[in-house]
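*Asks:*
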Amino acid sequence: MSINESWFQVYAIRPTVFAIYEPYQHQENNDHDLFIEAQKDMKYGMICEDYLPKDFDKKSYQIKPFCISKFIYDGDTIDLENEQKITVIFTPDHKPDSISLLDIQEHLLFVGDIFYPGPIYLYRP
524 MSINESWFQV
534 YAIRPTVFAI
544 YEPYQHQENN
554 DHDLFIEAQK
564 DMKYGMICED
574 YLPKDFDKKS
584 YQIKPFCISK
594 FIYDGDTIDL
604 ENEQKITVIF
614 TPDHKPDSIS
624 LLDIQEHLLF
634 VGDIFYPGPI
644 YLYRP
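Residue numbers for the sequence shown follow our numbering, so the first one is 524 and each next one is one higher.
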């Protein structure tokens, strides 16, 4: 898989496991004053229409319903294909329900965004 953008790179850890590396994402050059000035007019739930598909209908859009088939808890084991298993580790940080997934056999820990050094901004392009 060869996906490279100016702010992120994707590389293989194993033949079927890929990592996303963000060496040039904006928080490296963080300027809180710029954020405040540029986004002072943003309101909660504001839709940035410039970033939506042309046929997007904000009046009828809804998240597709889903059913939870099973709740997972700290220490649970999830069986994957090929006798591979991952362990759920409760790792709350800026989100109280954050988890990490540990593959003991392959010596891999999937952490999501818990190593992110700043806050997560929602509703922003």
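The beta carbon of each residue, even a glycine, is placed where N, CA and C say it ideally should be. Predicted model only: the values in this text are computed from it and were never measured.
Going by DSSP, what residue range makes up the beta strand (DSSP E) through residue 534?
*Replies:* It spans 532 to 537 - the beta strand (DSSP E) in which residue 534 sits, taken as one unbroken run.
*Asks:* Relative to the alpha-carbon of residue 605, which residue among 624, 611, 629, 541 has its alpha-carbon at the smallest distance?
*Replies:* Comparing Cα positions, the closest option is 629.
*Asks:* By how many angstroms is the C-alpha of residue 544 removed from the C-alpha of residue 632?
*Replies:* The alpha-carbon atoms of residue 632 and residue 544 are separated by roughly 15 Å.
*Asks:* Within its chain, find whatever has a CB closer than 8 Å to the CB of residue 596; leave out the 5 residues flanking it on each side and keep chain order.
*Replies:* Correct list, in chain order: 611, 613.
*Asks:* From residue 616 to residue 623, what does the alpha carbon distance come to, in whole angstroms?
*Replies:* Spanning the two alpha carbons is a distance of roughly 11 Å.
*Asks:* From the DSSP secondary-structure annotation, give me the bridge partner or partners of residue 634.
*Replies:* Answer is none; residue 634 lacks a bridge partner.
*Asks:* Just the Cα atoms here: how many angstroms apart are residue 599 and residue 577?
*Replies:* Approximately 43 Å, taken between the alpha carbons.
*Asks:* Our contact map puts residue 620 next to residue 609 with C-beta atoms below 8 Å; I'd like the distance itself, whole angstroms only.
*Replies:* That pair is no contact at about 17 Å.
*Asks:* Less than 8 Å between C-beta atoms, sequence neighbours within five positions excluded: which residues of the same chain meet that for residue 541?
*Replies:* 524, 533, 534, 535, listed in sequence order.
*Asks:* Nearest-angstrom Cα distance between residue 591 and residue 601?
*Replies:* C-alpha separation (whole angstroms): 15 Å.
*Asks:* Look up residue 626 in the DSSP assignment and give the residues it is bridged to.
*Replies:* Answer by DSSP bridge pairing, in chain order: 631.
*Asks:* Indicate, with yes or no, if the ligand HEM has a heavy atom lying under 6 Å from the CB of residue 628.
*Replies:* This structure simply doesn't include the ligand HEM, nor any ligand for that matter.
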